[in-house]
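Here the structure comes first, spelled out in structure tokens, and everything after it is commentary.
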Amino acid sequence: MSQDYTPSEMMIVTAARALKGVRTVFVGVGLPNSACNLARRTVAPDLELIYESGIYGARPARLPLSIGDPTLISGARSICSMVDLFGLYLQGGRVEVAFLGGAQIDRFGNLNTTVIGDWEHPEVRLPGSGGACEIATNAQRIFVIMRLKRRAFVEKLHFRTSPGHLDESGDRRRLGLPGAGPQLIVTDKCVFRFDEEMREMTLESLYPGVSLSEVEENVGWDLRVAPDLQQAHSPARGELRLLREDLDPQGLYR
Amino acid sequence: MPDKLMGMEDAIATHVHDGDTVAIEGFTSCICFAAAHEIMRQRRRDLTLCRMTPDLIYDQMIAAGCARRMVFSYLGNPGVGSLYCVRRAVEDGIPRPIELEEYSHFGMVGRYTAGAYRLPFFPLRSYKGSDLPRVNARISYVKSPYGDEDIAVVPPLNPDVAIVHASRADRQGNTQLWGLLGVQKEVAFAAERVVVVVEEIVDEDVIRSDPNRTVIPDLVVDAVVHEPYGAHPSYVQGYYDRDNAFYLRWYEISKDPASTEAWLDEWVYGVRNRSEYVEKMGVEMVQQLRPGDAWAEAVNYGAYDG
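These protein sequence lines map, in sequence, to chains A and B.
The opening position of the first sequence corresponds to residue 61 in the numbering used here, with each subsequent residue numbered one higher.
The opening position of the second sequence corresponds to residue 16 in the numbering used here, with each subsequent residue numbered one higher.
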């Protein structure tokens with residue numbers, strides 16, 4: 061069966077639907093930005109977009125290339141210094157959901173955005189934390205958006221930039237991390253959630269046309285699969301129309 | 016009141032020396048490329064460069080061989096990809112090796128804040144469960160005196176010189192900024208010397224008509240430089256847009272050392288100052304980056320002289 065949508069559109073729509081009823085979201089550029097703007101137009105009309113650059117309640121008139129794009133400032137509810145953004149909004153517990161991604165993720169949802177190889181002598185030097193480490197620590201819930209690849213979904217991270225559920229003990233609380241950590245991982249093939257007990261990534265649903273073995277081949281460990289494995293719902297016509305005509309007419313993230 | 020207005024060449028010659036710790040901040044907006052290019056033209060060496068997001072500005076300075084060390088929290092071309100000049104320095108020591116001191120954003124924000132407050136450290140909820148403290152011994156933990164909790168701390172950062180781009184200032188250095196505020200206030204209060212670079216010089220009366228918008232007072236400012244378009248290819252809210260096309264183009268230019276050198280020869284060493292750079296950009300480009308209008312409603316502070 062041929063599909064009339066792209067994997068990116070499926071990711072955006074799936075992430076947007078997960079924001080149902082959410083009030084405050086910490087946004088990144090790219091797919092999360094499209095997902096948040098789509099959610100605001102569909103399942104989460106009261107959603108306020110927060111950016112680490114110091115923006116609360118953005119209403120972008122064009123697609124921002126960066127999280128500090130001037131279109132995010134004009135018409136926003138509030139602009140504040142970065143010490144206020146990180147201190148009052150994020151550490152103050154006002155961020156319900158934050159989006160993160162990375163070059164590598166492990167089964168506990170820990171993320172690497174720092175290096176491939178050794179930190180002292182890296183094979184590839186990646187951007188580093190930015191705000192990710194404190195976002196992973198303080199946001200009430202973390203949603204991850206990443207494409208499913210075997211070199212990204214790894215048994216062992218080369219560097220743990222941002223804490224997820226840490227390890228088998230899964231004890232964020234023992235370390236005093238205020239947020240609940242990763243709850244959802246949206247990929248281009250499937251959706252994972254985290255088991256309450258084990259804090260381990262569990263395959264929850266497959267996208268239409270994707271097989272279980274296709275997912276397993278792209279994960280670097282023995283994957284847990286939910287006993288009631290679901291098939292995710294394709295994007296609705298209305299969602300695709302909003303995305304293509306209003307939110308990303310140039311198709312930058314298609 | 017002293018008139019602190021001077022040209023960029025003089026400001027850099029006076030305030031930036033070999034071996035200095037330099038912070039040219041500005042988060043996405045108000046990144047003072049004009050100052051960076053002047054530092055490159057004056058061939059400063061062995062600088063410790065501090066910035067949350069080294070961005071293209073430090074990519075270029077590192078390609079020019081100005082830096083010995085970099086203190087940072089996000090090493091990317093935002094929304095685009097890698098900073099290739101930084102990567103060449105880190106991965107292959109080209110044109111010279113660079114030492115890295117790495118934090119997260121809140122860690123850098125906290126360092127400037129502790130520096131500005133003259134405190135021995137800044138506590139923050141971050142770093143637990145991260146490998147960052149393993150590669151940066153300056154990230155530490157203290158036990159709360161009011162409970163059992165351990166909290167991460169970062170040390171103060173007091174640069175020798177901060178260069179702060181902003182919207183407008185008077186000749187004494189009272190500086191107003193709208194749009195993203197970044198850490199401009201904190202870095203200015205933390206630094207030993209402060210050079211403010213603005214799009215417009217205005218009368219003291221203009222500043223006094225809207226004191227809530229004054230982010231940096233003359234008290235901490237050593238030099239004021241009037242440099243329109245001094246933040247290009249970054250932006251200044253309401254003055255000009257971010258040149259996103261250039262950020263994408265730099266990604267290609269910087270992949271190759273030869274094309275990077277050629278760009279620096281043409282746009283940094285090949286011009287005498289920012290005016291020549293803007294002239295070289297051309298009227299059409301300048302027009303293209305001009306945003307439409309979106310005025311704020313005026314507020315009434317009230318006159319209390321009766």
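The beta-carbon is built from N, C-alpha and C at its ideal position, and this holds for glycine as well.
DSSP places T74/A in the uninterrupted alpha helix (DSSP H) bounded by P67 to R77. Taking each of N92/B, C47/B and R56/B in turn and checking the Cα distance to K270/B, the smallest one comes out for N92/B. DSSP places L237/A in the coil class of the three-state scheme, outside both helix and strand. With respect to chain B, the C-beta atom of N97/A has no partner C-beta closer than 8 Å. Straight through space, the alpha carbons of T174/A and K143/B are spaced by roughly 16 Å.
For C96/A, the uninterrupted alpha helix (DSSP H) run begins and ends at L91 to R101, by DSSP.
In this structure, the CA atom of R126/B is about 7 Å from the CA atom of F136/B. Interface criterion not met: the Cβ of M70/A is under 8 Å from no Cβ in chain B. Measuring C-alpha to C-alpha distances from D106/A to each of L303/A, T221/A and C96/A identifies C96/A as the nearest. The DSSP-derived three-state label of L64/B is strand.
Residues Q187 of the same chain have their beta carbon placed closer than 6 Å to that of M16/B, with the five preceding and five following residues left out of the count. For the 8 Å CB-CB criterion, Q200/A and A136/A do not form a contact. Closest in alpha carbon position to I178/B, among R208/B, K158/B, E281/B and Y156/B, is R208/B. Of all residues in the region 81-111 of chain A, the ones placed with a Cβ closer than 8 Å to any Cβ belonging to chain B are V89 and G90, in chain order. Rounded to the nearest angstrom, the Cβ distance from T190/B to V213/B is 7 Å, consistent with a contact under 8 Å.
Within the region 135-159 of chain A, G135, I139, C140, S141, M142, V143, D144, L145, F146, G147, L150 and Q151 place their CB atoms closer than 9 Å to a CB of chain B, listed in sequence order.
Rounded to the nearest whole angstrom, the C-alpha separation of L234/B and L300/A is 55 Å. Going by DSSP, V175/A is part of the beta strand (DSSP E) stretching over V175 to G177.
For R84/B, the enclosing beta strand (DSSP E) begins and ends at A82 to F87. Leaving aside the five residues that flank T36/B on each side, the residues in its chain whose CB is nearer than 7 Å to its CB run, in chain order, T63, C65, P174 and D175. The DSSP-derived three-state label of A38/B is strand. Excluding the 5 residues flanking it on each side, L20/B has same chain C-beta neighbours closer than 6 Å at R186 and V239, in chain order.
Runs of the alpha helix (DSSP H) lying entirely within the region 235-280 of chain A, each at least 4 residues long, are 272-277 in chain order. Here G147/A is not bridged, per DSSP, to any residue. Listed along chain A is no residue with a C-beta nearer than 9 Å to that of Y316/B; the closest approach is about 20 Å. Less than 8 Å divides the Cβ of R102/B from the Cβ of R185/A. The beta carbons of I39/B and A246/B sit no closer together than 8 Å. Chain-order list of chain B residues neighbouring G236/A: R140, K143, E164, D165 and I166, by C-beta distance under 9 Å.
Exclusion of the five residues before and after G190/A leaves E112 and T173 as the residues of its chain whose Cβ lies within less than 8 Å of its Cβ.
Put simply, the CB of A309/B is near chain A, with a gap under 8 Å to one of its CB atoms. With a beta-carbon spacing of about 12 Å, S182/B and G41/B fall beyond the 8 Å limit used to define contacts. The residues V286, in chain order, have a CB closer than 6 Å to that of Y292/B in the same chain once the five nearest residues on each side in sequence are set aside. Check the Cα spacing between N315/B and each of P226/B, T43/B, P272/B and I154/B: the tightest is with P226/B. Excluding its 5 nearest sequence neighbours in each direction, G188/A has C-beta neighbours in its own chain below 6 Å: T174, listed in chain order. Of all residues in the region 194-221 of chain A, the ones placed with a Cβ closer than 7 Å to any Cβ belonging to chain B are E194, T197, N198, F219, R220 and T221, in chain order. With fewer than 16 other Cβ atoms inside 10 Å of its own Cβ, Y132/B counts as exposed.
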